[in-house]
Amino acid sequence: MRLASSFIIHAPPANAPREVPTPLVFISARSWDDDSTSGMTTLASMLAEKGFTCIESDLAISQSSMSDSKLMMNGYESELASTIRLSAIPFPPVIVARASACLIAETYISSNPSSGLILISPPVSNAELSIDKLPTPLEEFNYEPNFPIAVIATPHEVERLRESNRICQSDSVDVIRVVDINLQQTLIEIEQWLDRLGI
0 MRLASSFIIH
10 APPANAPREV
20 PTPLVFISAR
30 SWDDDSTSGM
40 TTLASMLAEK
50 GFTCIESDLA
60 ISQSSMSDSK
70 LMMNGYESEL
80 ASTIRLSAIP
90 FPPVIVARAS
100 ACLIAETYIS
110 SNPSSGLILI
120 SPPVSNAELS
130 IDKLPTPLEE
140 FNYEPNFPIA
150 VIATPHEVER
160 LRESNRICQS
170 DSVDVIRVVD
180 INLQQTLIEI
190 EQWLDRLGI
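Numbered by this note's numbering, the letters in the sequence shown go through residues 0 to 198 in order.
What follows is the structure, given as structure tokens:
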């Protein structure tokens with residue numbers, strides 16, 4: 000059985016204060032990790048109001064790919080690439096992901112162009128994910144963080160990420176603490192981070 004991926008484009012309204020050329024792509028995988036969808040529609044809608052073209056994509060792959068972690072990531076990467084291609088966006092996007100969907104984002108940026116990456120409450124490591132998320136061992140990512148990356152997490156999560164996550168140990172990655180991921184502070188931090196990048 001194969002579930003269908005879906006995407007919605009949130010275009011800036013006519014009264015938006017500006018129109019930002021670099022799009023934001025919010026990814027989730029509800030059928031794999033329901034937590035990956037949490038707050039994404041709100042973030043995409045609110046940032047569209049501020050002038051960003053936001054593409055919200057819920058990715059799905061065939062059930063047969065779910066028995067092997069590498070096949071899963073390759074399938075999700077292919078679905079994300081297809082979504083980006085179908086949305087006909089003019090510039091490489093900033094990819095935004097939460098929870099387990101951060102692995103999809105990291106798989107994608109390992110071999111595709113991106114203007115930036117925002118990981119919200121990412122797993123500490125691939126090895127840490129339980130068997131119901133990753134059916135077989137998945138190698139840790141080894142891409143170089145030589146492009147804009149922000150990790151947004153609670154203070155407790157940041158502490159664990161700083162200890163064990165290679166990306167969060169890099170000086171070139173912006174690790175941002177928020178009291179509660181689901182509060183408006185996350186929206187404000189994303190907007191300020193994008194502004195600092197000139198996006």
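Using N, Cα and C, we set each Cβ at its ideal position, and we do this for glycine too. Every value quoted in this text rests on a predicted model; they were computed, and no experiment measured them.
First through last residue of the beta strand (DSSP E) which encompasses residue i
i	result
E55	51-57
A149	148-152
R176	173-176
I8	5-9
Bridge-paired residues (DSSP) for residue i
i	result
G115	V93
D32	A28
Cα-Cα separation between residue i and residue j, rounded to whole angstroms
i	j	result
A126	N164	11 Å
I7	A87	13 Å
T36	I187	19 Å
P144	S66	29 Å
P22	I103	18 Å
D194	V95	15 Å
A3	L160	33 Å
A15	S44	12 Å
V93	L182	21 Å
I108	R29	20 Å
T185	K69	31 Å
S63	D131	15 Å
F51	N141	30 Å
Boundaries of the alpha helix (DSSP H) in which residue i is found, first to last residue
i	result
T21	Taken as a continuous stretch (DSSP letters only), T21 belongs to no alpha helix (DSSP H), being part of the beta strand (DSSP E) at 19-27.
D200	Look at the range of the chain in this structure, 0 to 198, and you will see that residue 200 is not part of it.
T106	100-108
T41	39-48
K69	68-85
Buried versus exposed call for residue i [16 or more other C-beta atoms within 10 Å across all chains shown]
i	result
L179	Checking the displayed sequence, the identity of residue 179 turns out to be Asp instead of Leu. Classification of D179: exposed, given that the 10 Å Cβ count is below 16.
P147	buried
H9	buried
P12	exposed
D33	exposed
F90	exposed
Problem set entry | contact_flag[the segment 130-138, the segment 73-90] where n(CB pairs < 8 Å) is 3 or more | no
For this session: Would you check if the segment 51-64 and the segment 110-122 touch, i.e. whether three or more CB-CB distances between them fall below 8 Å?
Result: no
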